[in-house]
Each structure stands twice: as structure tokens, then as C-alpha cells.
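Residues in the sequence shown are numbered from 10 upward in steps of one, following my numbering. No residue lacks a Cβ here, since even glycine has one placed at the ideal position from N, Cα and C. The model shown is predicted, which means the values in this text are computed figures rather than measured ones. The structure appears below as C-alpha cells.
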Amino acid sequence: MKTIGMLMAMATQAAGLISFSDHVNDHMVLQQAPEKSGVFGTLNVTGDATPTVTATITPASGSPYQVNGRVTGNNWIAYLKPTQAGGDYKISVTCTGCSSDAPNTIEIEDVTFGDVWYCAGQSNMALPLLHTISRNDSVKAL
């Protein structure tokens, strides 16, 4: 099973439009190859519309490529092809059929692919030894 490097967050919805999740923004870093990354967000589907989502990934130099996204209810996700480390990509996402108007397109710029690390401290890092049960033994061991 492939690991998917992706930022997860609740998405913001704009009326009648497609939108990125709050954490998908300009100047972000997505996981580089060999893993896949994804971009995602919400859309406001009106009536019996059957929307399709297409993401176009454009490097600063080289050829762009497209991937089709998956729409479930008012949420969408597009898994990108594994991309080598590097920067200055532009990602455009177009929703066709989101509304009766022309296709809606959103984009983010200055995207870099690299290693994404999630760092977190242990839950006891903010707990001084003074407030622990074995505080005296801990201090003696130092």
C-alpha cells in the first residue's frame, strides 16, 4: 500500500465555486517522489450537477501534466503523480459542472516538492518534574 503524503484539514466552502482546503496555499511544500501527494478542498454543487475536477501541475520549466480528481458529495481530492524534489510549481484545479456558469478554476503558486516532516513533542514536555509523582527520584538521577 502506498503512503500518501498529504496535509489534512477541514476545508472551506465558497458559494458556487470550487475552493482549496484552508491548508492548501501558495508557498507550501508537498511530499516528493516516490510517494504521492494530494490537493483537496470543497465545492458547492447546485442541482443535479455532476462535476468533474481536473488538476494541472505546471513546473517552472518543463511540461505540465494533468490528473483527474475524485468528487464525493461536496468534497474533492486530486492525487498528484510522484514528483521529484524541486520548486516553483503552479497547481491549477478546474471544476467543470460545479455551476451553470463557465468552469471554475483556482490555483496556488510557488509550490515545492520535498520531504515533509510532521514534528510533535511528547505530551509530557510541558510538565515540570515538580508536578510528577516520582519528582524526587527523577531529580536525584540527574
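The beta strand (DSSP E) with residue 96 in it runs from where to where?
95-105
Taking the alpha carbon of residue 105 as the reference point, which residue from 122, 85, 67, 120 has its own alpha carbon closest?
Nearest option by C-alpha distance: 85.
Could you tell me which of 121, 70, 54, 90 sits nearest to residue 33, measuring between CA atoms?
121
Contacting residues, own chain, Cβ-Cβ under 6 Å from residue 118 (five flanking each side not counted)
35, 99
By how many angstroms is the C-alpha of residue 96 removed from the C-alpha of residue 46?
Distance between the alpha carbons of residue 46 and residue 96: 14 Å.
What are the boundary residues of the beta strand (DSSP E) that includes residue 142?
Run containing residue 142: none; DSSP gives neither H nor E here.
Cβ-based neighbour list, residue 67, same chain, cut-off 6 Å, excluding 5 preceding and 5 following
73, 99
Integer-rounded CB distance, given that residue 64 should sit under 8 Å from residue 87
Confirmed, about 4 Å.
How is the beta strand (DSSP E) around residue 39 delimited, first residue to last?
Taken as a continuous stretch (DSSP letters only), the beta strand (DSSP E) holding residue 39 covers 38-40.
Residue 21 in three-state terms, based on DSSP:
Its pLDDT being 34, under 50, residue 21 is placed unreliably by the model, and the measurement read from it follows with that caveat. For residue 21, the three-state secondary structure derived from DSSP is coil.
Assigned exposure category for residue 27 - 16 Cβ within 10 Å defines buried
buried
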